[in-house]
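*Asks:*
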Amino acid sequence: MTSIRVLIADDQMLVRQGFTVLLNAEPDIEVVGQAVDGADAVTRVTELAPDVVLMDIRMPVLGGIEATRRLTEAAGTTVKVLVLTTFDLDEYVYEALRAGASGFLLKDASAAELAHAVRVVAAGDALLSPNITKRLIAEFSRTAGAPRTPRKDRVGELTERETEVLSLIAQGLSNAEIAAHLVVAEQTVKTHVGRILTKLGLRDRTQAAVFAYETGLVRPAGY
Amino acid sequence: MSMGAGRRLTNAARAVPRAMREDLWTTAADPLPRMTRPRWLARLPHVLVAGFAALTFANMNGHLYGAGTDRSATIVVGVQAAALIVAMFRPVPAWWMATSALIVGTLVFGDPYPWGLSAVVPHAAVLFLLALRVRPRAVVETLLITTLASLACTKFEVHGSPDIGWAATVFYTELGRAVVVFAATAAFGAILRARRVARSQLLAQTEVAAEERTRRTVLEERGRIARELHDVVAHHLSVISIQAQVAPHLVDDPPEELKENLAGIRQNAKEALTELRRVLGVLRVEDARSEEARHAPQPTLDRLDDLVGNLRAAGVTVSTETTGEPRPLAPGVELSAFRLVQEALSNAIRHAPGATARVLIGYDPTSLTIRISNTAPARPAGPSPGAGHGLLGMRERVTMLGGILASGPTPDGGYEVFATLPAPTLQQPADYAEDTA
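Set out below in structure tokens:
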């Protein structure tokens with residue numbers, strides 16, 4: 033199995049070096065490069081084609097969220113962005129996820145959490161902690177009723193079962209949990225998830241969850 | 109119901125003597141109003157009153173003394189004239205003086221008391237000075253007492269032309285004329301007082317509002333400073349947490365004690381960060397900055413060139429100069445120095461459009477000096493809401509760091525802001541300067 037190629041974008045040298053040491057200690061992860069700001073990150077991604085970018089939000093020249101937007105909107109890229117920041121401010125979470133980030137992690141996360149996050153994001157799975165999922169639900173139900181994405185019509189292309197799976201993804205359930213919920217094999221769920229992402233033109237489960245909330249597909253009770 | 113009304117009437121009647129005692133048995137009065145403009149005329153009213161008192165004395169004394177009365181006339185007239193002077197300082201006792209003089213004068217000399225012109229005018233003047241400085245209720249009371257007292261002196265005999273209608277008779281009797289003059293001067297004084305009271309209330313309200321605004325601005329600025337500094341601290345703590353995790357990887361076979369120790373450092377940093385995030389959550393209620401600003405690290409003096417570059421691109425002429433050997437400073441000082449320059453330049457642009465601005469940064473061994481000056485505006489500045497708030501914020505920041513801030517106009521018509529911030533030379537790792545996000 034080839035290792036996951038990671039690029040680290042942060043304006044603080046100590047942070048870049050620290051994450052490099054921590055991630056290189058993992059056998060299946062390789063840090064292929066570092067970027068000192070958002071603009072540098074965009075350039076390096078084109079050069080190095082990493083699988084995952086660890087992106088700081090507050091950087092000079094070009095902030096991490098705008099850099100994420102440029103990276104994920106660029107045609108033909110498959111790079112996943114994992115946003116790492118000092119603050120878990122809600123606005124940062126939403127801005128990062130709307131900009132196309134696949135996950136959100138605090139900088140003081142443990143080495144194990146960091147490595148796990150990189151693996152999950154690289155595999156295209158959602159990295160939504162229950163805490164963040166809950167806040168996402170709150171935020172999107174606050175703005176619900178005004179779906180802003182033009183992709184809404186694509187929901188119609190989903191089968192009934194796929195729509196059901198999508199709403200479960202949006203609630204932060206893993207494949208195994210969805211399989212248990214729907215009483216089907218986990219492999220079947222994986223197939224559904226793959227089809228959903230293809231049909232909706234989405235990058236990963238996180239973006240599928242964001243999509244579900246933004247289109248108002250999921251209107252969780254209790255909010 | 110009629111009983112209720114009756115009781116109310118009784119109560120009101122009972123209250124009258126107390127009210128009158130309050131109003132008329134006192135030396136208290138509003139402070140004497142002064143002429144504010146021009147300043148050298150501030151004492152003019154006093155001089156005029158004194159002159160009027162002297163004239164009254166001379167006129168009446170001559171009149172009475174010449175009429176063959178004895179020296180006691182001088183005393184009565186003297187009291188009447190003195191009442192005018194006293195009225196400038198203690199209007200209520202002065203009115204008592206004048207009223208007594210009126211009664212004594214009538215009993216001793218008769219005409220021109222109580223209603224002759226030369227007796228009425230000085231008394232009216234005392235009433236006017238009184239009305240300027242006590243409330244209208246007291247003025248009405250003094251008017252009534254004056255009228256009753258002088259009526260009593262004449263044993264209620266009113267001379268006039270009895271052939272005209274009653275209403276018009278008022279103006280043809282000595283009593284009627286006197287009361288009209290008293291009432292008119294008192295009313296004039298009361299109106300002037302009402303105007304003054306309204307104006308000073310308005311002024312007081314304006315002052316309160318201005319103070320409130322200043323206080324709010326200072327609090328907002330403190331909130332902003334606290335937010336920025338906590339932000340800087342949080343970034344440092346997260347670096348500590350990362351470094352504590354990285355350290356064991358840097359040596360082969362790290363001893364258990366070292367690993368435990370580092371885990372302890374990390375744990376503490378994490379806990380402190382959690383608390384800090386809470387504090388920041390409180391402070392960050394409103395963050396009206398642009399997305400660009402929110403996604404940029406807290407600035408340091410390194411970013412001064414960017415700031416000046418942006419201003420130049422916007423057509424502002426700014427020059428910068430650095431003296432001494434630049435060195436990395438404590439993050440709080442770097443941040444505050446940057447904000448100071450930013451704020452002062454933005455003030456300069458707002459208040460002195462078209463002027464040339466100049467930024468001087470001086471690194472001394474123990475302090476950092478910042479001087480931001482601009483030349484006279486090339487054209488008049490437009491109205492600028494929130495003017496002056498910039499300086500308040502600067503002062504808050506500088507005071508917090510134990511520095512000194514001075515600001516003011518320059519001889520050439522420009523403006524200058526000068527600050528000294530204590531900045532001891534720090535011992536730091538080589539890459540510290542970069543490490544202030």
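Protein chains in written order, with the working numbering: chain A, 33 to 255; chain B, 109 to 545. Backbone N, C-alpha and C fix where the C-beta goes; we use that ideal spot for every residue, glycine too.
1. Can you find a C-beta in chain A that's less than 9 Å from the C-beta of B:H403?
2. Please classify B:L327: does DSSP put it in a helix, a strand, or coil?
3. Give, in chain order, every residue of the segment 129-141 of chain A whose Cβ lies closer than 7 Å to some Cβ of chain B.
4. Have a look at B:D131 and B:A306 and give me their C-alpha separation to the nearest angstrom.
5. Any beta carbon from chain D within less than 9 Å of B:S481's own beta carbon?
6. Would you kindly report the start and end of the unbroken beta strand (DSSP E) that includes A:V64?
7. In the segment 41-52 of chain A, which residues sit with their C-beta less than 8 Å from some C-beta in chain B, listed in chain order?
8. Alpha carbon to alpha carbon, how far is B:F296 from B:I183?
9. Pick from A:G233, A:N207, A:A212, A:T238: whose alpha carbon is nearest that of A:T223?
10. If I follow the unbroken alpha helix (DSSP H) through A:E194, where does it start and stop?
11. Nearest to A:R227 by CA position, among A:R193, A:Y126, A:G204, is which residue?
12. Short of 8 Å Cβ to Cβ, which residues in the segment 347-365 of chain B face chain A?
13. Counting C-beta neighbours from all protein chains within 10 Å, is the total for A:E79 16 or more, i.e. buried, or is it exposed?
14. Where do the ends of the beta strand (DSSP E) carrying A:V38 lie?
15. Would you mind stating whether B:A489 and B:H459 have Cβ atoms separated by less than 9 Å?
16. So the beta strand (DSSP E) A:D120 belongs to, where does it begin and stop?
17. Identify the contact partners of B:K367 in chain A, using a Cβ-Cβ distance below 8 Å as the criterion.
18. For A:V47 and B:Q351, I'd like the C-alpha separation in whole angstroms.
19. Just list the residues that DSSP pairs B:N482 with in beta bridges.
20. Measuring CA to CA, which of A:Q66, A:L146, A:T104, A:R102 is closest to A:Q49?
21. Are there 16 or more other CB atoms within 10 angstroms of the CB of B:S349, so buried, or fewer, so exposed?
22. Check the Cβ of B:L381 against every Cβ in chain A and list those closer than 7 Å, keeping chain order.
23. At 9 Å on the CB atoms, spell out the chain B contacts of A:L57, in chain order.
24. Using a cut-off of 9 Å between C-beta atoms, extract the partners of A:L54 located in chain B.
25. Just checking my contact of B:P222 with B:T262 at CB under 8 Å: how many whole Å lie between their CB atoms?
26. Are the beta-carbon atoms of B:A190 and B:M205 separated by less than 9 Å?
27. Going along chain A in order, which residues have a C-beta closer than 8 Å to the C-beta of B:H343?
28. Output needed in chain order: residues of the segment 92-119 of chain A with a Cβ under 8 Å from some Cβ in chain B.
29. Determine the contact status of A:R90 and A:A131, defining contact as a CB-CB distance below 9 Å.
30. When you check each C-beta in the segment 443-466 of chain B against every C-beta of chain A, which residues fall closer than 9 Å?
31. Less than 9 Å between CB atoms is the rule here; does A:I89 satisfy it with respect to chain B?
32. When you compare the CB of B:R335 with every CB in chain A, is at least one pair closer than 9 Å?
33. B:R385 versus chain A: which residues are under 8 Å apart at the beta carbon?
34. Under a CB-based cut-off of 9 Å, is B:A438 close to chain A?
35. Who does A:V85 pair with in a DSSP beta bridge?
36. Helix or strand or just coil, what does DSSP make of A:H213?
*Replies:* In brief:
1. yes
2. helix
3. Residues of the segment 129-141 of chain A that bring their beta carbon within less than 7 Å of a beta carbon in chain B comprise K139, D140, in sequence order.
4. 21 Å
5. The question asks about chain D, but that chain is absent: this structure's protein chains are A and B.
6. 61-67
7. The residues in question are D43, Q44, M45, L46, V47, Q49, G50, F51.
8. If you draw a straight line from the Cα of B:F296 to the Cα of B:I183, it comes to about 30 Å.
9. A:N207
10. Annotation for A:E194: the continuous alpha helix (DSSP H) segment containing it runs 192-202.
11. A:R193
12. Listed by position, the residues of the segment 347-365 of chain B near chain A (Cβ gap below 8 Å) are V347, S349, I350, Q351, Q353, V354, H357, L358.
13. exposed
14. 36-41
15. yes
16. Careful: A:D120 lies outside any beta strand (DSSP E) and carries neither H nor E.
17. Neighbours of B:K367 on chain A: none; closest Cβ ~12 Å, over 8 Å.
18. 8 Å
19. B:A465, B:Y523
20. A:Q66
21. buried
22. D140
23. In the sequence on display, residue 57 of chain A carries Ala and not Leu. Simply H357.
24. The answer, in chain order, is I350, Q353, V354, H357.
25. 7 Å
26. yes
27. Q44, T118
28. P92, G95, G96, I97, E98, T118, F119
29. no
30. Residues passing the 9 Å Cβ filter: none.
31. yes
32. no
33. F119, D120
34. no
35. A:L39, A:V113
36. Residue state, collapsed to three classes: helix.
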